[in-house]
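Protein chains in written order, with our numbering: chain Z, 1 to 336; chain F, 337 to 672. For glycine and all other residues, C-beta sits at the position ideal for the given N, C-alpha and C. First comes the structure, then the notes that go with it.
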DNA sequence: GTCTCTTGTATTAGCGCTAACCGCCTCCTA
DNA sequence: TAGGAGGCGGTTAGCGCTAATACAAGAGAC
C-alpha cells in the first residue's frame with residue numbers, strides 16, 4: 001500500500017517536543033501551556049495529522065465501536081431502525097459495525113464472534129430467533145454489554161422492543177369490535193419460533209370466546225410483498241370464510257391487498273386488513289392500510305441509551321426488559 | 337469494565353510455550369510440529385481464546401474493515417445495496433463500518449475522516465453530491481482506496497454505478513413512443529446538483545424535437561412517498577396538460593400514483609407513470625409501476641471487487657468508471 | 001570430532017498511542 | 001539562602017500482537 005501516515009512522532013520531530021507532550025497537547029491537557037499547545041496544533045495541522053484510532057483503542061481498551069446485528073434489512077422498518085441507531089450512536093461518539101445474519105443462527109454466532117474479536121464495546125442485536133437466546137446470554141455473561149431489539153420479558157438479557165404480542169392483541173381486538181369473527185393471520189418468522197404476534201392474536205380471540213381455526217393461519221417464509229400475495233391466495237383458496245386479515249408486516253399486508261384488488265374484492269367491505277410496522281408505503285397504498293406502529297424513534301433511543309449505560313457500568317446490572325406498547329394506526333383498510 | 341480477555345500470553349503460560357510459539361501455532365505455521373500445535377490449540381479452546389483484531393491490525397497495518405457511506409438508507413434500493421455490500425465484503429473477510437451522511441456534505445466529510453482515523457482499508461461512498469467530489473478526490477490522492485456508487489465518467493475517482501442518465505433517457509423514449517408529448521418530471525437531489533436523470537430526460541425530449549417546459553418539472557426535497565404525492569399535486573395544479581410522468585424514484589412514483597387515484601385519474605390512460613429503482617412495492621402497487629431497474633447485484637459485486645482490487649494494489653491505478661446500463665421494466669402504469 | 005544444517009523454540013523489537021512517573025527549572029516564602 | 005511548590009516536559013513501560021533474529025540441541029557429513 002505504501003500509505004504514509006503522520007504519527008505523533010512526526011509532530012514531535014518537527015516541533016522538538018517529545019511524543020508524550022504532543023499527545024497531551026492534542027488532547028488539551030491542562031499541563032501544557034497555551035503557546036506550546038498552539039505550536040503543536042499547527043504542526044499537526046500542517047502534517048495533516050489524524051489520530052490512529054486503532055492504536056488508541058489498544059491502550060484504552062475501548063474501541064468506541066458498537067456492533068449492530070440485523071437479520072436482514074430488506075424489511076423497511078429495520079432499515080429505519082438501523083439508520084436511527086447509527087445516528088444516535090454517532091451523536092455519542094460511537095461508530096457502528098454492521099452485519100447481517102440472514103436469519104441464520106449459525107451466521108449470527110459467527111458475526112457475534114467477529115464483533116468480539118474486533119473488541120466492540122457493545123452490541124445491539126435483532127436476534128434471528130426470539131427464543132433460542134442461550135448463545136447471546138453467554139455473551140452477556142462473559143461481560144459484554146448486549147441489548148436485544150426484540151425478545152421476551154424472561155430473556156435473561158437486556159431488551160428494548162416493541163411489544164408485538166400486545167400489538168397483535170390490539171389489532172385483533174379492533175377487528176373483533178368491527179364485528180369480524182373469521183380473522184386470518186399471515187405470520188412471519190414462525191419457523192424460528194417468533195410467535196409473539198400469533199400469541200396476541202390467539203389471546204384476543206380466546207377472550208372473545210372464539211376458537212382459533214388453523215385454516216385461517218398461514219406462515220410464509222419471507223416478509224416480502226410477493227410472499228404476502230401468495231399467502232393471501234393460499235388462505236382464500238381454503239375457502240374458510242375469512243372477512244378480515246392481520247399480516248405480520250406491512251409488506252405482507254400490501255401483497256395481500258394487491259391480491260384482493262386483482263380479484264375485485266373491496267377493502268374493507270369484503271376484507272378488512274391490518275398490518276404491522278406502519279411503513280410509509282402502507283399509508284399511501286391503494287387502500288391506506290391500518291397498521292400497528294413501530295415506534296422507531298423510541299425503540300432506538302432507549303436501546304442505545306441502555307447500551308451506553310451498560311458500557312459505562314463497572315459491572316453489568318440485572319438485565320432489564322423494556323417493552324413498548326404499540327399504537328394501532330387506523331386507516332381505510334379497516335374502517336368503513 | 338473488568339472484562340478479562342484471554343491473550344496469547346495466557347495460553348503461553350498454560351502450555352509453557354512462549355507467546356511467539358503460540359502465535360505461530362494458531363496461525364498454522366509450518367515451523368511448529370503437529371503435537372505442539374495441538375496442545376496449543378486445545379489450550380486456546382479451553383481458555384476460549386479469541387484473537388484481538390485490534391492488536392493484529394496495529395502491527396499488520398490493515399484492519400480488514402471497509403467504510404460504507406450512504407446518504408440515507410430510507411431509500412429502499414440503498415438498503416438493498418447496503419445489505420448486498422455487507423454480504424460480499426463479509427465473504428471476502430472484510431467487516432463493514434457503516435455511516436450515513438444525511439445528504440449533508442459537511443457530515444460526509446466528517447464521516448470520511450472518522451473512517452480514516454479508524455484505519456479502514458478502503459471506502460465505498462454514495463456521495464451526497466454527484467458533482468462536488470474534490471474532497472473525495474483528495475482522499476484518493478492520499479492513497480486511500482475509494483469507490484463511488486454514483487458519479488460521472490470524469491469523476492477522477494473510481495466509480496461503479498447505474499447509468500441513471502441513460503435510465504432517464506430510456507424511460508422518456510418509452511413514453512414518447514407511446515405518443516406522450518407532455519411528460520412531467522419529479523426529480524430528486526436537484527439542489528445538490530444531481531442532474532443525471534434530468535439530463536437523460538432533456539436529451540430524449542430534445543432528440544424528439546420537443547422543448548423542455550419548466551412547468552412540467554418539480555424537484556421535491558425528499559424521496560418519500562409523501563413527497564411524491566405533494567409534488568404530483570403541485571404539478572397538476574399548474575395545469576400544464578401533462579399526460580405522463582417520470583419520477584426519480586419509485587417512492588416518488590408511488591406517491592404520485594396515489595394522488596391520481598384519489599383524484600380518479602386512470603393510470604395509464606389519463607396519466608402514464610414511470611419510476612426508478614424497480615422496488616418490490618412498485619411491482620405490487622395499485623397499478624403496477626414501470627420502472628428503471630437498479631441492478632443491485634451487479635453494482636455491488638463490481639464495486640466490491642474493484643475496491644478489493646484497489647486495496648490489494650501496490651499503487652492506485654488510474655481511476656476507472658463503470659456505468660451499468662439499466663433495463664426499463666414495463667408494467668401496467670405505462671402500457672395500455 | 002569438528003563443522004555444518006536442520007528443527008524447534010525463545011528473545012527482542014516494534015506497530016502508535018497513553019499513563020505513570022521522574023526531574024528539571026523558576027519562584028515564593030520563612 | 002535553604003527548601004518547598006508548581007509549572008513544564010521528558011523517560012519509561014506497556015496494550016496484544018507479529019516479524020526478525022537468536023539460540024540450543026540433535027542429525028548428518030567429512
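Since residue i contacts residue j with CB under 8 Å, what's their CB separation in whole angstroms?
i: residue 432(F); j: residue 422(F); result: 5 Å
i: residue 486(F); j: residue 463(F); result: 6 Å
i: residue 624(F); j: residue 503(F); result: Not really, about 18 Å apart at Cβ, beyond 8 Å.
i: residue 25(Z); j: residue 32(Z); result: 5 Å
i: residue 628(F); j: residue 506(F); result: 7 Å
i: residue 47(Z); j: residue 92(Z); result: Not really, about 29 Å apart at Cβ, beyond 8 Å.
i: residue 249(Z); j: residue 75(Z); result: 6 Å
i: residue 246(Z); j: residue 185(Z); result: 5 Å
i: residue 390(F); j: residue 8(Z); result: No, residue 390(F) and residue 8(Z) are not in contact; Cβ-Cβ is about 18 Å, not under 8 Å.
i: residue 304(Z); j: residue 89(Z); result: 6 Å
i: residue 570(F); j: residue 224(Z); result: Not quite, the Cβ-Cβ distance comes to about 33 Å (not below 8 Å), so this is no contact.
Quick one: residues in its chain with C-beta nearer than 6 Å to the C-beta of residue i, no 5 flanking neighbours on either side, listed in chain order?
i: residue 98(Z); result: 68
i: residue 409(F); result: 415, 418
i: residue 668(F); result: 623, 624
i: residue 125(Z); result: 69, 148
Examine chain F for any beta-carbon lying closer than 8 Å to the beta-carbon of residue i, and answer yes or no.
i: residue 73(Z); result: yes
i: residue 118(Z); result: yes
i: residue 317(Z); result: no
i: residue 13(Z); result: no
i: residue 114(Z); result: yes
i: residue 153(Z); result: no
i: residue 50(Z); result: yes
i: residue 54(Z); result: yes
i: residue 127(Z); result: no
i: residue 294(Z); result: no
i: residue 98(Z); result: yes
i: residue 329(Z); result: no
i: residue 46(Z); result: no
i: residue 101(Z); result: no
Excluding the 5 residues preceding and the 5 following residue i in the sequence, name in chain order all residues of the same chain whose CB lies nearer than 8 Å to its CB.
i: residue 230(Z); result: 220, 255
i: residue 174(Z); result: 274, 290, 328, 330, 334
i: residue 226(Z); result: 255
i: residue 457(F); result: 398, 399, 400, 401, 402, 430, 481, 647
i: residue 296(Z); result: 77, 80, 81, 84
i: residue 115(Z); result: 67, 69, 97, 99, 123
i: residue 328(F); result: Absent from the structure is residue 328(F), since the part of chain F shown begins at 337 and ends at 672.
i: residue 10(Z); result: 47, 49
i: residue 183(Z); result: 172, 175, 176, 201, 205, 216, 242, 243, 244, 245, 246
For the ligand NAP, is there any heavy atom lying closer than 7 Å to the beta carbon of residue i?
i: residue 489(F); result: The model on display carries no ligand, and the ligand NAP is accordingly not part of it.
Of all Cβ atoms in chain Z, is any one closer than 8 Å to the Cβ of residue i?
i: residue 343(F); result: no
i: residue 477(F); result: no
i: residue 671(F); result: no
i: residue 431(F); result: yes
i: residue 591(F); result: yes
i: residue 594(F); result: yes
i: residue 399(F); result: yes
i: residue 558(F); result: no
i: residue 617(F); result: yes
i: residue 423(F); result: yes
i: residue 602(F); result: no
i: residue 353(F); result: no
In its own chain, which residues sit with a C-beta less than 7 Å from the C-beta of residue i, not counting the 5 before and 5 after it?
i: residue 285(Z); result: 254, 257
i: residue 597(F); result: 622
i: residue 517(F); result: 546
i: residue 348(F); result: 354, 355, 358
Do the stretch 463-477 of chain F and the stretch 521-537 of chain F touch if we need at least three Cβ pairs shorter than 8 Å? Touching, yes.
Touch check for the stretch 207-217 of chain Z and the stretch 565-583 of chain F: three-plus C-beta pairs under 8 Å? Contact fails: fewer than three Cβ-Cβ distances are below 8 Å.
Taking contact to mean at least 3 C-beta pairs separated by less than 8 Å, is the stretch 653-666 of chain F in contact with the stretch 484-499 of chain F? Taking a cut-off of 8 Å on C-beta distances, the stretch 653-666 of chain F touches the stretch 484-499 of chain F, as three or more cross pairs fall below it.
Unbroken beta strand (DSSP E) runs of length 3 or more, entirely within the stretch 270-332 of chain Z: which are they? Fully enclosed beta strand (DSSP E) runs of 3 or longer: 272-277, 290-293, 321-324.
Within the stretch 456-538 of chain F, note down every full beta strand (DSSP E) run reaching 3 residues or more, in order along the chain. Taking only runs of at least 3 residues, the beta strand (DSSP E) segments lying wholly in the stretch 456-538 of chain F are 458-461, 482-484, 494-498, 519-522.
Which whole runs of the beta strand (DSSP E) in the stretch 206-247 of chain Z are 3 residues long or more, in chain order? As far as the stretch 206-247 of chain Z is concerned, its whole beta strand (DSSP E) runs of at least 3 residues are 244-247.
Contained beta strand (DSSP E) runs [length at least 3] in the stretch 339-379 of chain F, N- to C-terminal order: The stretch 339-379 of chain F contains no whole beta strand (DSSP E) run of 3 or more residues.
Output the residue ranges of the alpha helix (DSSP H) runs that lie fully inside the stretch 47-111 of chain Z and measure 4 residues or longer, sorted by chain position. Those alpha helix (DSSP H) runs which fall completely within the stretch 47-111 of chain Z and span 4+ residues are 53-60, 76-91.
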